[in-house]
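In this note's numbering, the protein residues as written are 414 to 799.
Written out as structure tokens, the structure is:
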């Protein structure tokens, strides 16, 4: 049992970039290193939680069966530059034999506290936890599930995305087009003519995508780039909006909640260019929670949205009010009344706005705004063509 506990602790600490004091012979884990497979720009090292699906398809591919013309096995004509890629940690050292285990449980706890007291820095981790082969008509591709996890503390709300190779390829091309200098040293895993669906290739590529996203996020200029941020959450916003238009609020809610978690982890709420998407997400959650009779959650997100809209005295005097401020205030007054929460502050603000001569009637509701709003990315692309 002590051996299992020690092994689990060593893996946790090494993954977070910390070392366990008192264990001799532990391997150094550099923050970044060159990828081992230079021709593929991938590493054979792989996170321990990756799983594979569609094994029957994998066996077929292993015998050399080609995929359809629209699959991810198409050859990537453009040659990728041989730049350096960062990695998240290194290969885990094998656990020591039981005879060499000398730390008792209490000592292990103390070692853990000691390592935490040295302030393990918080950072965002990208971990591929699943890779599934998908057959879609004549097309076959691998769908990767990537979790975004905040390290350095217990992350209660990990967020996830599902992307295929062509999504990453498109992201890479866009970043190169708009951030050529920053992308000069960033390499990208190339496509292969064959064997794209065997377990070994998928495992290497999964690890490569983890390293690729981690490296992009480590660069300040790219970490805040709208193209990089929208890669994670914009698809969820668009999917949620489609469901909202169809009156399927429960299904839409899952997409909007995941989009909110993604934006929080990526720091979008503090990025001026991403504020419209951040506000859209909050308003969408207000509408969904309200329709589902989860009124406390709806009112909570109303408050968050109002903080973002700056309903200040200065804005009122300058007549510089956001067009959604009045519908949001009206919704907040109604929700506060329904849950017996003090609403006098918002009623007073609405009265001030009316006294200033601003029209507060015949305005579109929050739901009408959300349904009609056209979500564009930073390049002005609409719909789901990102």
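C-beta atoms are modelled at their ideal positions from N, C-alpha and C, and glycine is treated no differently.
Which of the three DSSP states is assigned to residue i in this structure?
i	result
residue 676	helix
residue 543	strand
residue 537	strand
residue 697	helix
residue 555	strand
residue 573	strand
residue 548	strand
residue 795	strand
residue 623	helix
residue 588	helix
residue 643	helix
residue 789	strand
residue 685	helix
residue 766	helix
residue 776	coil
residue 562	strand
residue 607	coil
residue 706	coil
residue 715	helix
residue 638	coil
residue 599	coil
residue 669	helix
residue 735	coil
residue 460	Confidence in residue 460 is poor, its pLDDT being 41 and thus under 50, which makes the residue's placement unreliable; the coordinate value appears in the next sentence. Residue state, collapsed to three classes: coil.
residue 581	helix
residue 746	helix
residue 651	helix
residue 594	helix
residue 784	helix
residue 615	helix
residue 631	helix
Whose CA, out of the options, lies closest to the CA of residue i?
i	options	result
residue 715	705, 706 and 743	743
residue 572	566, 653 and 646	646
residue 565	576, 538 and 748	538
residue 596	605, 629 and 620	629
residue 616	567, 540 and 768	540
residue 665	627, 789 and 650	650
residue 706	752, 598, 560 and 667	752
residue 774	739, 555, 667 and 686	739
residue 622	607, 681, 561 and 634	561
residue 702	592, 780 and 551	780
residue 787	708, 652, 678 and 771	652
residue 575	582, 556 and 588	556
residue 592	767, 546, 545 and 635	635
residue 626	659, 582 and 700	582
residue 783	654, 776, 544 and 554	654
residue 687	761, 587 and 642	642
residue 661	601, 677, 648 and 700	700
residue 795	648, 589, 611 and 580	648
residue 793	677, 676 and 587	587
residue 659	766, 570 and 704	704
residue 570	667, 544 and 548	667
Identify, in the order they occur along the chain, each residue of the same chain with its Cβ nearer than 6 angstroms to the Cβ of residue i, setting aside the five sequence neighbours on each side.
i	result
residue 785	none
residue 709	752
residue 568	562
residue 682	691
residue 608	614
residue 663	none
residue 675	572, 645 and 646
residue 759	742, 745 and 746
residue 671	572 and 649
Which whole-angstrom value is the C-beta distance of residue i and residue j, which I expect to be below 8 angstroms?
i	j	result
residue 669	residue 697	5 angstroms
residue 640	residue 778	So it is not a contact: roughly 32 angstroms between Cβ atoms.
residue 644	residue 692	20 angstroms between Cβ atoms; not a contact.
residue 554	residue 589	About 22 angstroms; that fails the 8 angstroms criterion.
residue 601	residue 546	Contact doesn't hold; Cβ gap of about 21 angstroms is too wide.
Can you give me the Cβ contacts of residue i inside the same chain, cut-off strictly under 8 angstroms, excluding the 5 residues immediately before and after it?
i	result
residue 717	695
residue 756	745, 746, 749 and 750
residue 637	680 and 684
residue 864	Summary: the structure shown does not reach residue 864, with the chain confined to residues 414 through 799, and so no result is reported for it.
residue 722	692, 735, 737, 738 and 741
residue 678	537, 561, 563 and 572
Note down, in chain order, each residue of its chain lying with its Cβ closer than 7 angstroms to the Cβ of residue i, except the 5 sequence neighbours on either side.
i	result
residue 673	694 and 698
residue 632	595
residue 754	712
residue 776	739 and 740
Nearer than 8 angstroms: is that true of the beta carbon of residue i relative to any heavy atom of the ligand ATP?
i	result
residue 654	Inclusion of the ligand ATP in the displayed structure is not the case, the ligand content being empty and no account of it being possible.
From the beta carbon of residue i, is the nearest beta carbon of chain C less than 9 angstroms away?
i	result
residue 631	Within the model displayed, chain C is absent; a lone protein chain is all it includes.
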